[in-house]
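The block underneath contains the structure these notes are about, expressed in structure tokens.
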Amino acid sequence: MAAQPSLHELENQLDAAFQRIQDVYGYASAVQALGRLLSAVPPAASSPKADVPKAKAVPAPIQVPKPKLPVQEEQTPDSLDVSPSPSPRVDLDDKRPFKVGSLGGLSGSLKWKKAIEVATKVTDPWAGRNLHLLPMEHVMRYRYNSRTRQWVTDDVLVKVESRPFAAGAMRECFAMKKLSTFTTNVYHDWKKAQNCVAKRYKKPVERGMYFTDVLVQMDAKLMGEEYNATQPPKQVDIMQASIVECSDRPGTPLYALEQLMEGDYVKYNSNSGFVMSDDLLRHTPQAFSHFTWVWSKGQRICVDIQGVGDLYTDPQIHTLDGEGYGEGNLGARGMALFFRTHECNALCARLHLKPFDRCATDVHVQGYTSASASSVASGTFSRTQLRQTSLLSRLAQLRLGARKPADPATRQALLDKLKDVPAEEGPEAVVHLEVARVYAEVVLLPETRPAEDPEESLKGALFHLYFAASLGSVVALAIVARMHSGVEPEGTAWAHLTKTALKKGELVVHPEVALRAATLAAERGVAGAAAAVAHAYEGCQGLGDGILEEAQPSVAVKWWRTALDSFAKLEEVRAEEARELEGGGADSLQSCPSFADSNVAGTMDEEQALSPSVQRVSPARHMSSNITDVSGEMLGGVVTATLPPLLTGPSKKWVRRQRFTAEDEAAGLAGGAPTRYEALASLGKLLLEGGEGLEPDLEGAAEALNEAAELATEAGKGKLAQRYYELAAQAEC
Numbered sequence: 001m002a003a004q005p006s007l008h009e010l011e012n013q014l015d016a017a018f019q020r021i022q023d024v025y026g027y028a029s030a031v032q033a034l035g036r037l038l039s040a041v042p043p044a045a046s047s048p049k050a051d052v053p054k055a056k057a058v059p060a061p062i063q064v065p066k067p068k069l070p071v072q073e074e075q076t077p078d079s080l081d082v083s084p085s086p087s088p089r090v091d092l093d094d095k096r097p098f099k100v101g102s103l104g105g106l107s108g109s110l111k112w113k114k115a116i117e118v119a120t121k122v123t124d125p126w127a128g129r130n131l132h133l134l135p136m137e138h139v140m141r142y143r144y145n146s147r148t149r150q151w152v153t154d155d156v157l158v159k160v161e162s163r164p165f166a167a168g169a170m171r172e173c174f175a176m177k178k179l180s181t182f183t184t185n186v187y188h189d190w191k192k193a194q195n196c197v198a199k200r201y202k203k204p205v206e207r208g209m210y211f212t213d214v215l216v217q218m219d220a221k222l223m224g225e226e227y228n229a230t231q232p233p234k235q236v237d238i239m240q241a242s243i244v245e246c247s248d249r250p251g252t253p254l255y256a257l258e259q260l261m262e263g264d265y266v267k268y269n270s271n272s273g274f275v276m277s278d279d280l281l282r283h284t285p286q287a288f289s290h291f292t293w294v295w296s297k298g299q300r301i302c303v304d305i306q307g308v309g310d311l312y313t314d315p316q317i318h319t320l321d322g323e324g325y326g327e328g329n330l331g332a333r334g335m336a337l338f339f340r341t342h343e344c345n346a347l348c349a350r351l352h353l354k355p356f357d358r359c360a361t362d363v364h365v366q367g368y369t370s371a372s373a374s375s376v377a378s379g380t381f382s383r384t385q386l387r388q389t390s391l392l393s394r395l396a397q398l399r400l401g402a403r404k405p406a407d408p409a410t411r412q413a414l415l416d417k418l419k420d421v422p423a424e425e426g427p428e429a430v431v432h433l434e435v436a437r438v439y440a441e442v443v444l445l446p447e448t449r450p451a452e453d454p455e456e457s458l459k460g461a462l463f464h465l466y467f468a469a470s471l472g473s474v475v476a477l478a479i480v481a482r483m484h485s486g487v488e489p490e491g492t493a494w495a496h497l498t499k500t501a502l503k504k505g506e507l508v509v510h511p512e513v514a515l516r517a518a519t520l521a522a523e524r525g526v527a528g529a530a531a532a533v534a535h536a537y538e539g540c541q542g543l544g545d546g547i548l549e550e551a552q553p554s555v556a557v558k559w560w561r562t563a564l565d566s567f568a569k570l571e572e573v574r575a576e577e578a579r580e581l582e583g584g585g586a587d588s589l590q591s592c593p594s595f596a597d598s599n600v601a602g603t604m605d606e607e608q609a610l611s612p613s614v615q616r617v618s619p620a621r622h623m624s625s626n627i628t629d630v631s632g633e634m635l636g637g638v639v640t641a642t643l644p645p646l647l648t649g650p651s652k653k654w655v656r657r658q659r660f661t662a663e664d665e666a667a668g669l670a671g672g673a674p675t676r677y678e679a680l681a682s683l684g685k686l687l688l689e690g691g692e693g694l695e696p697d698l699e700g701a702a703e704a705l706n707e708a709a710e711l712a713t714e715a716g717k718g719k720l721a722q723r724y725y726e727l728a729a730q731a732e733c
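Residue numbers (full-length UniProt numbering): 1 to 733.
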């Protein structure tokens, strides 16, 4: 028979549990938890013959029928009140909080008495609102499970105020008390019911927005659980969120529901890149955001971290492709705004999180963002004041001669950057490109970020653009190829960046870099880049002008064949997109290969869903699609759509968009936009004539030239088609 633990061991366990709750949820929550424990199991009198006091048996709960709403039950609420008389309020902000471990010199019974004394002094912060006097409502609650990807519904009882006690820019908050229908002995004790905050949008919105908000918060909660599994020094938690539907009210309004959070509310980072950096103790929120990006393999990041201590609420999740999670999802741009101001701390190093490569401009911006963004948020500085402050600081730098002369990257340094480039671009490359885009926009429109220096932003844009190219970003490679071939990029911000960098001496054109970048883009399937490279090797023209000493027919043939294959695949992608647009675009939101297991899906018929003996469980819906299409079915407890796994790759739509952007940039290169018949004709001529390292291939030449002639005829190019037919006949002789 196992030995019973000693009283001292039990006291240590109680002490550890109390400290654990205090560290995670705060001192007030720890005391309340202890108070609930003591009220349920009162301690027995201590005995010298027993190490462990015996507790009274707790009666088994009885089943309570589904509650109704008779008015007479609410007419005499005081008769149902079994709570103790109000006690003096305890100052929870006392600098000397009660700790079980601080009573080490007291006996076990005295510790219990002290714990009971403190617990009973904790009062309801909403006691003065008299919520227990309000009418009771029977509502349906929707809860979301991020691991099973399912919605679960149940019935709860609430009492909610009719007027908001707080409001933000978009939502207003109402005080609420909540009881579960499974409660027994506290069924009518509303003074002991859970305090909650019910949130509602000020303006009418689609009902799906409420479900999206909960999905964001619960997926963030799952990320918090994964973070805690790494055993960090301080764990985090995201508030449990749900939705309640007031079916007895006109219009069956929805509320987002959270437990009341007590304490000092702090915003640690924001959706727009603000990162609190002046508090050395606040490493956890920044490391948590960084962790979510690494954990999701760069597909997600949880930001907008705010709350009390390390209990967070109202976070935002950015996805790489920008799909899902509502309008607050800024996609790769949101990730870029975080990482350009995030400096890895000791906790990031402890978690072995790879630092994001940054430059001096990022460090300067980190100072701007941490100070000025918080000032703007609090209303202490105006936009004009920020602009003036920034201008004064720049003038001071000029007077002190702090500005360094232009130091553009050398040709060899850039070629070295493009030496070992990954075969496939990853999320890190995409984020670097977005950081570069943010800086390029500052150079184009400085007034959009008045606290930032456009000249510093110029350097930052070039740094991150080159870094994105070195990580295999096909868009970055195409832009770099255009910049160093003397052709302005297609995008307005990139074009202005190129002109400004050339004017300021920050950019020197290196044709070798242009050819190398175009070759890398061609190897990654960019058809226009392959055509431009083939054009260069065919006759030492375009990208090869001044670099290649003589034509290389064998290399040119290789790249023309690559270009033709890439153009054919590009046409297939465009045709697929056209078919999806005709069919409503349903397939465009499907993800690329997933990093997680298959999704959980299923349906229930309406009779099953509404049966009181069956727990209503509904498969969730992908929030990147329009949830309002099924919101009516949700109200009946049934959702017929499915939700893919949390850790999925970017959508096909986003991948296509990246491909099309790279093709648009590559088309501006010399020889980068041939028609198919022109590419076939060039290939046919090379195969017909042969050259150094290339044996003539008359059969291949005739085939390519005949196809080129047919396509030219279809395009109305009769004379050109005739010329191709003549060359084909020459090859067939």
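Every residue, glycine too, gets a C-beta built ideally from N, C-alpha and C.
None of the values given here were measured: they were computed from a predicted structure.
*The alpha helix (DSSP H) with Glu428 in it runs from where to where?*
Mapped onto the sequence shown, residue 428 falls at position 428. Start and end: 427-444.
*By DSSP, does Glu137 sit in helix, in strand, or in coil?*
In the sequence shown, counting from the first residue as 1, residue 137 sits at position 137. Here Glu137 sits in strand by DSSP.
*Using alpha carbons as the reference points, say which of Asn345, Ser296, Ala534 lies closest to Gly426.*
To locate residue 426, count along the sequence shown from 1; it is residue 426. The candidate whose alpha carbon is nearest that of Gly426 is Ser296.
*asked:* So if DSSP puts Asp237 in a beta bridge, which residue, or which two residues, is it bridged to?
replied: The residue labelled residue 237 in the question sits at position 237 within the sequence shown. Paired residue(s): Leu311.
*How is Gly691 classed by DSSP in three states: helix, strand or coil?*
Along the sequence shown, one-based indexing puts residue 691 at 691. Correct three-state label for Gly691: strand.
*Compare the beta carbon distance of Ala701 and Gly684 with 7 angstroms and say whether it is the shorter of the two.*
Walking along the sequence shown from the start, residue 701 turns up at place 701. Walking along the sequence shown from the start, residue 684 turns up at place 684. Against a cut-off of 7 angstroms, the Cβ pair of Gly684 and Ala701 comes out as a contact.
*Where does Ala578 land, buried or exposed, given buried means 16+ other C-beta within 10 angstroms?*
The residue given as residue 578 occupies position 578 in the sequence shown. So Ala578 counts as exposed.
*Anyone know if the C-beta pair for Thr341 and Lys459 falls short of 7 angstroms?*
What you label residue 341 is simply residue 341 of the sequence shown in a count that begins at 1. What you label residue 459 is simply residue 459 of the sequence shown in a count that begins at 1. No, they are not a contact pair.
*For Phe165 and residue 753, believed in contact at Cβ under 8 angstroms, the rounded distance*: As shown, the chain starts at 1 and ends at 733. That puts residue 753 outside it, with no answer to give.
_The beta strand (DSSP E) enclosing Glu506, as first and last residue numbers_ = Mapped onto the sequence shown, residue 506 falls at position 506. Looking at the DSSP string, Glu506 is not in any beta strand (DSSP E), and its letter there is neither H nor E.
*asked:* Could you check whether Ala531 and Gly544 sit closer than 7 angstroms to each other, using their CB atoms as the reference points?
replied: Indexing the sequence shown from 1 puts residue 544 at position 544. Indexing the sequence shown from 1 puts residue 531 at position 531. No, they are not a contact pair.
*Kindly give me the distance between the Cβ atoms of Ala481 and Ala529, rounded to whole angstroms, as I take these residues to be in contact under 8 angstroms.*
Here residue 481 refers to the residue found at position 481 when the sequence shown is read from its first residue. Here residue 529 refers to the residue found at position 529 when the sequence shown is read from its first residue. At roughly 7 angstroms, the Cβ-Cβ gap stays under 8 angstroms, so Ala481 and Ala529 are in contact.
_Contact under 7 angstroms by Cβ, Thr319 with Arg300_ = By one-based count along the sequence shown, residue 319 stands at place 319. By one-based count along the sequence shown, residue 300 stands at place 300. Yes, these two residues count as a Cβ contact at 7 angstroms.
_DSSP beta-bridge partners of Leu157_ = The sequence position of residue 157 within the sequence shown is 157, counting from 1. Looking at the DSSP assignment, Leu157 forms a beta bridge with His138, Leu179.
*Using three-state DSSP, classify Lys221 as helix, strand or coil.*
Within the sequence shown, numbered from 1, the residue matching residue 221 stands at position 221. In the structure shown, Lys221 sits in a helix (DSSP, three-state: H, G or I).
_Helix, strand or coil at Ala641 according to DSSP, with G and I counted as helix_ = The sequence position of residue 641 within the sequence shown is 641, counting from 1. Because the pLDDT at Ala641 is just 34, under 50, the model does not fix this residue reliably, and the value given afterwards should be weighed accordingly. Three-state DSSP puts Ala641 in coil, outside helix and strand.
_Going by beta-carbon coordinates alone, are Glu441 and Arg333 separated by less than 7 angstroms?_
Here the question's residue 441 lines up with position 441 in the sequence shown. Here the question's residue 333 lines up with position 333 in the sequence shown. No; because the gap between Cβ atoms is not below 7 angstroms, this pair is not in contact.
_Cβ distance (whole Å) where Ala670 is taken to contact Ser485 below 8 angstroms_ = For the purposes of this step, residue 670 is identified with residue 670 of the sequence shown, where counting begins at 1. For the purposes of this step, residue 485 is identified with residue 485 of the sequence shown, where counting begins at 1. Yes, they are in contact, since the Cβ atoms of Ala670 and Ser485 sit about 7 angstroms apart, within 8 angstroms.
*What are the boundary residues of the alpha helix (DSSP H) that Cys246 is part of?*
Against the sequence shown, residue 246 aligns to sequence position 246. Note, Cys246: premise wrong, no alpha helix (DSSP H); not H, not E.
*asked:* Please report the straight-line C-alpha distance between Glu452 and Val365, rounded to a whole angstrom.
replied: Sequence index remark: in the sequence shown, residue 452 carries index 452 (1-based). Sequence index remark: in the sequence shown, residue 365 carries index 365 (1-based). Answer to the nearest angstrom: the Cα atoms are 7 angstroms apart.
*asked:* Which of the three DSSP states is assigned to Gln299 in this structure?
replied: One-based indexing of the sequence shown puts residue 299 at position 299. In this structure, Gln299 counts as coil in the three-state DSSP scheme.
*Start and end residues, alpha helix (DSSP H) containing Tyr466*: The residue labelled residue 466 in the question sits at position 466 within the sequence shown. Run containing Tyr466: 454-470, per the alpha helix (DSSP H) assignment.
*asked:* Taking only three categories from DSSP, how would you classify Phe288?
replied: As a first step, residue 288 is located in the sequence shown; it is residue number 288 there, counting from the start. Helix at Phe288.
*What residues are listed by DSSP as bridge partners for Cys173?*
Within the sequence shown, residue 173 is the residue found at index 173, counting from 1. For Cys173, which the question treats as bridged, DSSP gives the partners Ala166, Lys199.
*Could you tell me whether any Cβ in chain C is nearer than 7 angstroms to the Cβ of Arg350?*
The structure shown contains no chain C; it is built from a single protein chain.
*Three or more beta-carbon pairs under 8 angstroms between the segment 460-468 and the segment 341-360, yes or no?*
yes
*Classify Ser651 as helix, strand or coil using the three-state DSSP reduction.*
Working through the sequence shown from its first residue, we reach residue 651 at position 651. Correct three-state label for Ser651: strand.
*Assuming Ala193 contacts Leu179 under a Cβ cut-off of 8 angstroms, what Cβ separation, rounded to an integer in Å, is found between them?*
For this step, residue 193 is matched to residue 193 along the sequence shown. For this step, residue 179 is matched to residue 179 along the sequence shown. Indeed they touch by this definition, with Cβ atoms about 5 angstroms apart.
*Quick one: what's got a C-beta closer than 6 angstroms to Met209's C-beta in the same chain, skipping five residues either side?*
Walking along the sequence shown from the start, residue 209 turns up at place 209. Cβ within range, chain order: n/a, list empty.
*Might you give, ordered along the chain, the residues of its own chain that have their beta carbon closer than 7 angstroms to the beta carbon of Ala563, omitting 5 neighbours on each side?*
Translated into positions along the sequence shown, residue 563 becomes position 563. Correct list, in chain order: Ala527, Ala530, Ala531, Ala534, Ala679.
_Pairwise C-alpha distance: Lys499 and Leu507_ = Within the sequence shown, numbered from 1, the residue matching residue 507 stands at position 507. Within the sequence shown, numbered from 1, the residue matching residue 499 stands at position 499. Taking the straight line from one Cα to the other gives about 9 angstroms.
*What residues in its chain sit with their C-beta under 6 angstroms from that of Arg143, if we drop five residues either side in the sequence?*
Mapped onto the sequence shown, residue 143 falls at position 143. Correct list, in chain order: Val152, Ser242.
*Indicate whether Ile479 and Pro511 have their beta-carbon atoms separated by less than 7 angstroms.*
Indexing the sequence shown from 1 puts residue 479 at position 479. Indexing the sequence shown from 1 puts residue 511 at position 511. Contact: no.
*Can you list, in chain order, the residues of its chain whose CB lies under 6 angstroms from that of Arg141, leaving out five sequence neighbours each side?*
Counted from its first residue, the sequence shown places residue 141 at position 141. Contacts found: Asp154, Val156, Ser242, Val244.
*asked:* By DSSP's criteria, Tyr255 is part of a beta bridge. Which residues make up the other side?
replied: In the sequence shown, residue 255 corresponds to position 255, counting from 1. BP columns for Tyr255 point to Val244.
*Give me the Cβ distance between Asp219 and Trp654, rounded to the nearest whole Å; I'm assuming they're in contact under 8 angstroms.*
Sequence index remark: in the sequence shown, residue 219 carries index 219 (1-based). Sequence index remark: in the sequence shown, residue 654 carries index 654 (1-based). About 19 angstroms separates the two Cβ atoms, so there is no contact after all.
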